[in-house]
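Just so you know, the sequences run in chain order L and V.
According to this note's numbering, the stretch in the first sequence is residues 144 to 567, in order.
According to this note's numbering, the stretch in the second sequence is residues 1382 to 1473, in order.
Using N, Cα and C, we set each Cβ at its ideal position, and we do this for glycine too.
Every value quoted in this text rests on a predicted model; they were computed, and no experiment measured them.
Okay, so here's the structure we're looking at.
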Amino acid sequence: MIEPRTLPRLFAGAGKRPLSLADHEQLYKPTDNVANLINELDASGLVGRGGAAFPTIRKVQLLRHQRGHKYVVVNGMEGEPAAHKDNRLLSINPHLVLDGAEMLASMIGASRIAICVARDNPTVVNHVERAIHERARRNLRGPGIDLHTPPWRYVAGEESALVHWLDDHESLPQYRPDRPHILRIGRGPTLVDNAETCANVGLIGRYGAEWFRSLGTPRHPGSVVVSVTGAVARPQVLEVNLGSPISSILATAGADPQPQAVLLGGYGGAWLRADQIGTPYCNEALAPLSLSVGSGVVAVLPRQACGVAEAHRVVRWMAHESARQCGPCAFGLPALAEDLLTVVRGGRDGVAAIARLGDRCSVIDGRGACRHPDGVVRFVRSSIDVFSADIDNHLRGAPCAAARSSHHFLTVPALEHEEELIWE
Amino acid sequence: MGVIRRTGMFVLQVNPILCDSFGHCAELAPELVHLDEWGYPIISSEPVPMADIGAYESARYAERGCPRKALHIAKINHPRPEGPVSRGRGTV
Ligand code: SF4
Ligand code: SF4
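Next comes the structure, spelled out in structure tokens:
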């Protein structure tokens, strides 16, 4: 059993190989300890760890009252290029995630569990596959578990895109005007939860809500897995107490102690200024700064980097990742990337571009079928705000040396068809 | 039927996946829709009162005239009209 108030919880089995089913049960003790799962989940105050921070119990309640052949989908797609948390979790404690998924299935009465991992991560796929086999051999009761491996894309992890892939083998987000909206595979109502969320359910189902709440803040209980990248000794995944100061997370990761800014929540997130790094890492403290934990990405930008050039690269990549179903996203995001490039180049065109950027952001915001463009708009607005001094230098024709350097701190995967970006 | 309900509000919504920027909607409902620089409709999400018959008629024209069937009039019942609602139907 894991003691309350101790870390790691989710990563307790961290070794070179994933915990086998026997070791996992040895470490965490068997399931079925909690009398009333639904009540415990409600009392735990767990919110989804995929980015939207939606209360898990509300989704469960919604699905519980649906009829039909129900599914639980475990989202391990990890769309954020800077995030590695779900992959790490599935490579350390796959059985904890599967336990949680089974508990969710029993709460809503689902008969099948689909666990989704991007096929671009073959090691993780192998680990999960092995875990599923181990369970099947043990002949555990309960719903059948299938592994699905959609191709990796930024929007493929968006829940409606994921369910659409399971239903129809197309990773395209769906238009959902009415919320809450019940996603379906065929006609079966489907509950989608992030892998880390499932792992937390696996803990709550064993040790109960009070145990779960012994870490974190009263409003945001529990621990959270963060992926620290950028100006750090080594990019790493850490499990931290919700509400611990961001500066302490940076210190643990061996990050630059005096960064220029810190990107929170991934490439659809926003920047934390250097003078705010003492802020507690939880949505309650971050919301007043228009920030959120999001998908747990903490990307450190050092002083010697050019924020504008970094922002341009990220936006260009995000534009490329648009599913290109909706006009404002398919045309708007490349336009934002173009504008940012003009700002990086500076001069009089840059002045016009910065004005246009603001207008285009307001035009694009909220007009896609999914929230992909909204995230990009948030990131662009925040970059303009936080790097305003840098931008002024660019516009005056005096950009810093870093703008021309080829060394970057925010990593983006290589673009597949660069020339298609604007013309497609 | 044939009676225009004047209570409640509506919003014209576009399904951005279906919409292919033909721009008919901006011509059919100029008071509700204008087009962005790429030709896609920008529609205010502010509810319009049903009592604004002109706007509602335009919205219906646009809804029917959209070649991709991308437009949809969503009726909103809750910002209730002011005043006593004693004669309303039991539920909203
Ligand atoms: S908003 Fe963008 S990413 Fe989302 S469905 Fe539309 S085109 Fe695709
Ligand atoms: S008429 Fe329909 S397809 Fe054409 S721009 Fe308007 S909503 Fe889009």
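{"Asked": "So, at 8 Å on beta carbons, what are the nonlocal neighbours of Leu564 (chain L) in its own chain, with the 5 sequence-adjacent residues on each side left out?", "Found": "Low confidence applies to Leu564 (chain L): its pLDDT is 37, below 50, so where it sits in the model is not reliable, and the reading given next is rough at best. Here the set comprises Arg459, Ala462, His463, Pro477, Ala480, Leu558."}
{"Asked": "Name the chain L residues that come within less than 7 Å of Tyr1421 (chain V), Cβ to Cβ?", "Found": "Gly470, Pro471"}
{"Asked": "With distances taken from CA atoms, which of L:Tyr297, L:Ser435, L:Leu334 is nearest Pro323 (chain L)?", "Found": "L:Leu334"}
{"Asked": "Taking just the CA atoms, how far does Ser303 (chain L) sit from Thr199 (chain L)?", "Found": "17 Å"}
{"Asked": "Round the Cβ separation of Leu444 (chain L) and Val405 (chain L) to the nearest angstrom and send it over; I've been treating them as touching at under 8 Å.", "Found": "7 Å"}
{"Asked": "Identify the contact partners of Ser1402 (chain V) in chain L, using a Cβ-Cβ distance below 7 Å as the criterion.", "Found": "Gly470"}
{"Asked": "Which one or two residues does DSSP pair with Met144 (chain L) in a beta bridge?", "Found": "DSSP lists no partner for Met144 (chain L)."}
{"Asked": "Taking beta-carbon pairs under 7 Å, can you tell me which members of the region 510-529 of chain L lie near chain V?", "Found": "Arg510, Gly511, Ala512"}
{"Asked": "So, helix, strand or coil for Gly1464 (chain V), using DSSP?", "Found": "Unreliable positioning characterises Gly1464 (chain V) in this predicted model, as indicated by a pLDDT of 38, which lies under 50. The coordinate reading is nonetheless provided below. Reduced to three states, the DSSP call for Gly1464 (chain V) is coil."}
{"Asked": "Please confirm if the region 230-241 of chain L is in contact with the region 260-267 of chain L, defined as three or more CB-CB distances below 8 Å between the two stretches.", "Found": "yes"}
{"Asked": "Out of L:Leu239, L:Trp354, L:His212, L:Val203, which one is the CA nearest neighbour of Gln169 (chain L)?", "Found": "L:Leu239"}
{"Asked": "Could you tell me the distance, in whole angstroms, from the CA atom of Gly437 (chain L) to the CA atom of Gly408 (chain L)?", "Found": "4 Å"}
{"Asked": "I'd like the list of long-range same chain contacts for Gly193 (chain L), defined as Cβ closer than 7 Å, with 5 residues on each side in sequence excluded.", "Found": "Asn218, Asn337, Thr340, Ser438"}
{"Asked": "Should Glu1438 (chain V) and Leu1393 (chain V) be called a contact, given that it needs their Cβ atoms to be closer than 9 Å?", "Found": "no"}
{"Asked": "Against chain V, does Trp566 (chain L) count as a neighbour if the rule is that its beta carbon must be under 9 Å from one of theirs?", "Found": "Low per-residue confidence applies at Trp566 (chain L): pLDDT is 31, beneath 50, and the placement is therefore not dependable, though the value from the model is reported in the following sentence. With 9 Å as the cut-off, Trp566 (chain L) does not count as an interface residue toward chain V."}
{"Asked": "Could you pull the start and end residues of the beta strand (DSSP E) that Met1390 (chain V) belongs to?", "Found": "1390-1395"}
{"Asked": "Within its chain, find whatever has a CB closer than 6 Å to the CB of Trp308 (chain L); leave out the 5 residues flanking it on each side and keep chain order.", "Found": "Pro293, Ser314"}
{"Asked": "If the cut is a Cβ gap below 8 Å, which residues of chain V does Val506 (chain L) touch?", "Found": "Asp1417, Glu1418, Ile1423"}
{"Asked": "When we look at the beta-carbon of Ile258 (chain L) and count the other beta-carbons within 10 Å, is it buried (16 or more) or exposed?", "Found": "buried"}
{"Asked": "Shorter than 8 Å, the distance from the beta carbon of Glu301 (chain L) to the closest heavy atom of ligand 1, or not?", "Found": "yes"}
{"Asked": "Can the beta-carbon of Trp1419 (chain V) be found closer than 9 Å to that of Phe474 (chain L)?", "Found": "yes"}
{"Asked": "Pull up the distance between the alpha-carbon of Ser391 (chain L) and that of Val529 (chain L), whole angstroms please.", "Found": "22 Å"}
{"Asked": "Checking contacts by CB at 9 Å: is Gln419 (chain L) closer than that to chain V?", "Found": "no"}
{"Asked": "May I ask you to report which of helix, strand or coil DSSP gives Thr199 (chain L)?", "Found": "helix"}
{"Asked": "Counting only runs that start and end within the region 312-350 of chain L, where is the beta strand (DSSP E) found for 3 or more residues in a row?", "Found": "326-328, 331-337"}
{"Asked": "Beta carbon of Ser370 (chain L), beta carbon of Ala225 (chain L): below 9 Å?", "Found": "yes"}
{"Asked": "Look up Ala512 (chain L) in the DSSP assignment and say whether it is helix, strand or coil.", "Found": "coil"}
{"Asked": "Can you tell me whether Met1382 (chain V) is buried or exposed, with buried defined as 16 or more other CB within 10 angstroms of its CB?", "Found": "Low confidence applies here, because Met1382 (chain V) scores a pLDDT of 49, under 50, leaving its location unreliable and the question unanswered by this model."}
{"Asked": "Within 8 Å: the Cβ of Pro161 (chain L) and any heavy atom of ligand 1?", "Found": "no"}
{"Asked": "Is Gly194 (chain L) helix, strand or coil by DSSP?", "Found": "coil"}
{"Asked": "For the alpha helix (DSSP H) containing Tyr214 (chain L), name the first residue and the last one.", "Found": "Here Tyr214 (chain L) belongs to no alpha helix (DSSP H); instead the beta strand (DSSP E) covers 213-219."}
{"Asked": "Quick check on Gly1464 (chain V): buried or exposed, where buried means 16 or more other Cβ atoms within 10 Å of its Cβ?", "Found": "Since pLDDT at Gly1464 (chain V) reaches only 38, below the 50 mark, its modelled position is unreliable, and the value read off the structure follows with that caveat. Under this definition Gly1464 (chain V) is an exposed residue."}
{"Asked": "Please report the straight-line C-alpha distance between Tyr1442 (chain V) and Asp1433 (chain V), rounded to a whole angstrom.", "Found": "15 Å"}
{"Asked": "Given the structure, does Asp1417 (chain V) come close to ligand 2, in the sense that its CB is under 8 Å from one of the ligand's heavy atoms?", "Found": "no"}
{"Asked": "Check Ser366 (chain L) in the structure and name its three-state DSSP category.", "Found": "strand"}
{"Asked": "Taking all protein chains shown into account, do 16 or more other C-beta atoms lie within 10 angstroms of the C-beta of Asp289 (chain L), making it buried, or fewer, making it exposed?", "Found": "exposed"}
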